[in-house]
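Reading the sequence shown from the start, the letters are residues 2 to 65 in my numbering.
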Amino acid sequence: MLKTDTRQANWRRVNPGKYDAHLAVQRAVKASELDKQSCEVCGVEAVDARHDQYEEPLRVRWLC
Ligand SMILES: [Zn+2]
């Protein structure tokens, strides 16, 4: 088995809410339900969606 697969599986097991929230954001952006924005601190466009709380997966802050 590949090391990366194991690591990702472990991460998913430890962070189930985080993984679900991450997928929800990806789905919403793809479906144009959520607009990807530039970094709220410096304006860079290569950003990640950061969750303050995973109970609300589509409430994110865009940060590089
Ligand atoms: Zn930034």
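Each residue gets a CB set at the ideal place from its N, CA and C atoms; glycine is no exception. All values derive from a computational prediction rather than experimental measurement.
Does the distance from the CB of residue i to the CB of residue j come in under 8 Å?
i   : j   : result
A50 : C65 : no
K19 : V30 : no
E41 : W12 : no
V15 : V61 : no
From the DSSP secondary-structure annotation, give me the bridge partner or partners of residue i.
i   : result
R79 : Since the first and last residues shown for the chain are 2 and 65, residue 79 lies out of range.
Would DSSP call residue i helix, strand or coil?
i   : result
L24 : helix
D36 : coil
V45 : coil
N16 : coil
Please report the Cβ distance between residue i and residue j, rounded to the nearest whole angstrom; I am assuming they are in contact, meaning their Cβ atoms lie under 8 Å.
i   : j   : result
A22 : H52 : 5 Å
L59 : L35 : 6 Å
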